[in-house]
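Residues in the sequence shown are numbered from 1 upward in steps of one, following the working numbering. Here is the structure we will look at, set down as structure tokens.
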Amino acid sequence: MARYAADGYRGCIGRMLDRISIFPDGRAYVCSFLFDTDLHFANMVDGQVVLNKGTNEFDLFTRVLRTASCGSCRVGSACMGGCPAEELVMGQASCAVEPDIVPVCRLWKADIPTGLPT
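Set out below in structure tokens:
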């Protein structure tokens, strides 16, 4: 995880709660990976934020996920149980399928050196 942190990785985008994605239909998400669900935390209606008081993504991102395999995981304290959105959408945590892969937020972006002039 130190390699990713050096590149600016701060962990799960949804857990940072420092930005939102607003879609054309007005649904607002802290994690845009959930765009195809009804778990949006709010709607934009006539320029106003209307909170979704039903089950929403905050329920996922404000708790720590733990599975049986987390106890023996070498990066469990860094990933906090993996991506809650991925587990919901895919039906299981990525580490359950590929235990040797460190779960990094699929929405994280880093500059990749291309060698091309800027």
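From the three backbone atoms N, C-alpha and C, an ideal C-beta is built for every residue, glycine too.
Shortest Cα-Cα distance from Ala85 to any of Gly47, Gly26 and Arg15 involves Arg15. Rounded to the nearest whole angstrom, the CA to CA distance from Gly47 to Leu88 is 30 Å.
The closest CA to that of Phe23, considering only Leu116, Ala42 and Cys12, is found on Ala42. The residue from Thr37, Arg27 and Cys95 with its alpha-carbon nearest to that of Leu60 is Thr37. Between Leu39 and the set Val45, Leu17, Thr55 and Cys95, the nearest pair of CA atoms involves Thr55.
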